[in-house]
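There are 2 protein chains.
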Amino acid sequence: MSRFDMKGYLGFWGQKVEDFFEEYMQPHDPHTKGLNEAMRYSLFAGGKRIRPALVYSAYGIFEGYFDKATPYAAAVEMLHTYSLIHDDLPAMDDDDFRRGKPTNHKVFGEATAILAGDGLLTKAFEVMCDRNLNPDITPEQMVEAAYKLAAATGDKGMVGGQVADMDAEKGFFDAATVDFIHTHKTSRLLAYCCELGAILGFGTEDDKRRLYEYGMRIGLAFQIVDDILDITSTTEELGKDAGSDVANGKATYPAVHGIEDSHRKAELLIEEALELLSVYGNTADPCREIAKFIIERKN
Amino acid sequence: MSRFDMKGYLGFWGQKVEDFFEEYMQPHDPHTKGLNEAMRYSLFAGGKRIRPALVYSAYGIFEGYFDKATPYAAAVEMLHTYSLIHDDLPAMDDDDFRRGKPTNHKVFGEATAILAGDGLLTKAFEVMCDRNLNPDITPEQMVEAAYKLAAATGDKGMVGGQVADMDAEKGFFDAATVDFIHTHKTSRLLAYCCELGAILGFGTEDDKRRLYEYGMRIGLAFQIVDDILDITSTTEELGKDAGSDVANGKATYPAVHGIEDSHRKAELLIEEALELLSVYGNTADPCREIAKFIIERKN
Numbered sequence: 001m002s003r004f005d006m007k008g009y010l011g012f013w014g015q016k017v018e019d020f021f022e023e024y025m026q027p028h029d030p031h032t033k034g035l036n037e038a039m040r041y042s043l044f045a046g047g048k049r050i051r052p053a054l055v056y057s058a059y060g061i062f063e064g065y066f067d068k069a070t071p072y073a074a075a076v077e078m079l080h081t082y083s084l085i086h087d088d089l090p091a092m093d094d095d096d097f098r099r100g101k102p103t104n105h106k107v108f109g110e111a112t113a114i115l116a117g118d119g120l121l122t123k124a125f126e127v128m129c130d131r132n133l134n135p136d137i138t139p140e141q142m143v144e145a146a147y148k149l150a151a152a153t154g155d156k157g158m159v160g161g162q163v164a165d166m167d168a169e170k171g172f173f174d175a176a177t178v179d180f181i182h183t184h185k186t187s188r189l190l191a192y193c194c195e196l197g198a199i200l201g202f203g204t205e206d207d208k209r210r211l212y213e214y215g216m217r218i219g220l221a222f223q224i225v226d227d228i229l230d231i232t233s234t235t236e237e238l239g240k241d242a243g244s245d246v247a248n249g250k251a252t253y254p255a256v257h258g259i260e261d262s263h264r265k266a267e268l269l270i271e272e273a274l275e276l277l278s279v280y281g282n283t284a285d286p287c288r289e290i291a292k293f294i295i296e297r298k299n
Numbered sequence: 001m002s003r004f005d006m007k008g009y010l011g012f013w014g015q016k017v018e019d020f021f022e023e024y025m026q027p028h029d030p031h032t033k034g035l036n037e038a039m040r041y042s043l044f045a046g047g048k049r050i051r052p053a054l055v056y057s058a059y060g061i062f063e064g065y066f067d068k069a070t071p072y073a074a075a076v077e078m079l080h081t082y083s084l085i086h087d088d089l090p091a092m093d094d095d096d097f098r099r100g101k102p103t104n105h106k107v108f109g110e111a112t113a114i115l116a117g118d119g120l121l122t123k124a125f126e127v128m129c130d131r132n133l134n135p136d137i138t139p140e141q142m143v144e145a146a147y148k149l150a151a152a153t154g155d156k157g158m159v160g161g162q163v164a165d166m167d168a169e170k171g172f173f174d175a176a177t178v179d180f181i182h183t184h185k186t187s188r189l190l191a192y193c194c195e196l197g198a199i200l201g202f203g204t205e206d207d208k209r210r211l212y213e214y215g216m217r218i219g220l221a222f223q224i225v226d227d228i229l230d231i232t233s234t235t236e237e238l239g240k241d242a243g244s245d246v247a248n249g250k251a252t253y254p255a256v257h258g259i260e261d262s263h264r265k266a267e268l269l270i271e272e273a274l275e276l277l278s279v280y281g282n283t284a285d286p287c288r289e290i291a292k293f294i295i296e297r298k299n
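Those protein sequence lines, which keep their order, are chains D and V. Using the UniProt record's numbering, read the first sequence as starting at 1 and increasing by one per residue. Using the UniProt record's numbering, read the second sequence as starting at 1 and increasing by one per residue.
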């Protein structure tokens with residue numbers, strides 16, 4: 001067991017991002033008060049903040065001026081939050097609770113939830129491309145960050161993964177489909193977070209590729225462990241309904257490979273991820289710890 | 001009556017944008033075939049293509065290399081298309097038809113329609129920030145274009161206007177609310193299109209401000225004329241249900257100012273818009289024609 005205080009580490013970066021939300025997401029007009037409340041509600045609804053931590057951790061391999069990365073770490077979390085709000089909608093997964101709290105549409109209604117998601121998605125790009133907010137980021141870095149975010153999360157990325165996930169739920173799925181879903185729905189955004197650290201830290205193209213590949217592997221391992229925990233944990237341990245994947249006929253790794261092979265695959269991915277980091281010194285230790293945390297976590 | 005062939009003019013630029021969609025929006029993976037179809041369905045569902053025409057027309061004041069502007073004109077139309085798909089959803093305006101065709105969710109289902117909208121919104125930023133696709137646009141221009149698009153269409157822009165519109169439908173609205181809704185929901189994106197032309201054409205800050213103000217005025221006039229046509233036209237003339245604004249208790253200009261004052265206001269706005277263009281020579285004629293078209297149009 002690692003002696004690295006992962007909870008404290010994630011909490012530290014999570015707080016930085018929440019401070020940014022608090023300052024940046026102030027209400028600005030009485031006509032959009034409800035929208036602002038809905039956006040803030042989901043931004044502050046908790047979560048591991050693993051994506052911001054990955055941005056900061058990957059960035060830390062190259063530079064130490066972490067506040068420079070904050071708007072970008074926050075933007076990624078905004079984008080992740082939008083995807084959760086839309087995923088939970090009645091037309092999609094129809095979830096009433098997330099992390100023990102009522103989902104956005106249960107509190108604010110479906111229309112506002114759709115628009116809060118749209119607003120957060122748009123805001124992620126606004127934050128990344130705001131030159132006043134990011135005086136130490138060059139336009140070249142901004143464009144690369146925004147372009148790769150869009151590529152990772154649009155129809156060829158996360159949104160495509162979500163569509164494939166819904167289709168799979170309706171009927172047949174095989175190993176290739178599950179791989180497609182997991183890599184697109186989860187891994188690509190996590191890989192982007194890691195590559196983003198290299199972009200912001202003026203890493204080389206090799207650095208970017210390496211961090212991206214590291215992120216793809218821990219991302220897929222993250223999702224496989226999620227699938228396994230859904231089967232092996234209790235609802236209490238998870239903080240959400242255990243066994244819901246099987247009940248909903250979800251396309252998961254254990255469903256096509258079994259639990260044992262799934263676990264081995266996750267371990268292999270983490271080994272590969274760590275191997276990719278071997279060219280870096282101890283500035284990459286947080287990334288190493290995150291990789292280990294992903295396979296050891298219990299919820 | 002103007003002898004400028006506006007239908008042919010809009011059709012010409014609309015075709016350029018559709019050609020871009022055709023080439024750029026090819027299906028790329030069998031797992032996301034349905035998503036791709038849904039995105040294409042709404043992109044090719046017609047419409048006046050007034051936003052792309054504004055981008056090209058404003059750009060034409062400064063430079064004549066129009067193909068440079070095509071990905072940006074297309075990106076704006078993608079963003080506009082996403083907003084229509086989401087606006088039509090059952091939880092929002094619940095419309096079954098748009099321009100005589102079944103709305104996206106009627107054809108592809110709600111979940112896919114939400115994701116097609118998300119995909120198109122994301123794609124707009126992907127297209128704008130793609131350096132391979134836009135070799136003649138500088139990173140500075142890209143960042144400015146992407147940032148201002150996000151600002152014009154997010155919670156402080158179009159999405160905020162849509163929230164205010166829905167709230168107003170539920171109850172009381174006054175002249176200030178209608179102004180807020182129209183400027184945010186419609187004018188800001190049209191103003192952005194005009195400013196974008198100046199950004200792409202290396203216009204000065206004064207040019208950008210001027211084109212933005214021109215766009216705000218024709219945008220508001222456009223919406224006021226829409227409101228008036230909803231009352232004074234037949235369903236046949238409009239190609240959509242006439243009188244639906246009144247039936248739905250929509251916050252409109254005629255509802256708070258009456259038809260006559262609304263028409264006068266629209267005329268005044270067009271006069272101001274034309275006055276703003278007075279510093280330009282005949283390269284601004286298409287922008288002048290669009291302003292006149294907006295007030296003279298019958299559907």
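Just so it is clear, CB atoms sit at the ideal spot from N, CA and C, and this is done for glycine as well.
- Look at residue 98(D) here: in three-state DSSP terms it is strand.
- Close partners of residue 44(D) in chain V (Cβ separation under 7 Å) are lacking, with about 16 Å as the shortest Cβ gap.
- When DSSP states are grouped into helix, strand and coil, residue 25(V) belongs to the coil group.
- When C-beta atoms of the stretch 191–198 of chain V are compared with those of the stretch 56–66 of chain V, three or more pairs fall below 8 Å, so the two segments count as touching.
- Residue 298(D) is a Cβ neighbour of residue 237(D), given a cutoff of 8 Å.
- With respect to chain V, the C-beta atom of residue 170(D) has no partner C-beta closer than 8 Å.
- Secondary structure note for residue 83(D): its alpha helix (DSSP H) is the uninterrupted segment 70–88.
- Close to chain D, meaning a Cβ-Cβ distance shorter than 7 Å, are the following residues of the stretch 132–164 of chain V: 139, 140, 142, 143, 146, 147, 150, 151, 153, 154, 155, 156, 159, 160, 162, 163, 164.
- Taking 8 Å as the upper bound on Cβ-Cβ separation, chain D lies near residues 28, 29, 31, 32, 34, 35, 36, 39 of the stretch 18–40 of chain V.
- For residue 129(V), the nearest CB of chain D lies under 8 Å from its own CB, placing it at the interface with that chain.
- Chain-ordered listing is empty here: chain V has no CB closer than 7 Å to the CB of residue 6(D), the nearest sitting near 31 Å.
- In the DSSP assignment, residue 194(D) falls within the alpha helix (DSSP H) that extends over 188–200.
- In terms of CA proximity to residue 124(D), 147(D) leads the group 112(D), 138(D), 110(D), 147(D).
- The three-state reading of DSSP puts residue 114(D) in helix, counting H, G and I together.
- Shortest Cα-Cα distance from residue 113(V) to any of 134(V), 83(V), 138(V) involves 83(V).
- Residue contact with chain D for residue 86(V): present (Cβ-Cβ distance below 8 Å to some residue of chain D).
- Annotation: the continuous alpha helix (DSSP H) that includes residue 293(V) extends over 285–296.
- Burial check for residue 99(D): the Cβ neighbour count within 10 Å stays below 16, so the residue is exposed.
- Here DSSP, grouped into helix, strand and coil, assigns residue 92(D) to coil.
- Its Cα nearest to that of residue 225(D), the residue 295(D) stands out among 29(D), 295(D), 119(D), 11(D).
- Here residue 137(D) carries a coil assignment [DSSP, helix/strand/coil].
- The closest CA to that of residue 118(D), considering only 10(V), 264(V), 38(V), 80(V), is found on 80(V).
- Taking the beta carbon of residue 112(V) as reference, the chain D residues within 7 Å of it are 163, listed in sequence order.
- Taking CB atoms only, residue 91(D) has a neighbour in chain V less than 8 Å away.
- With respect to residue 189(D), residue 158(D) sits close: the two C-beta atoms are nearer than 8 Å.
- Shown in chain order are the members of the stretch 96–124 of chain V whose Cβ falls below 9 Å from a Cβ of chain D: 105, 109, 110, 111, 112, 113, 114, 115, 116, 117, 118, 119, 120, 121, 122, 123, 124.
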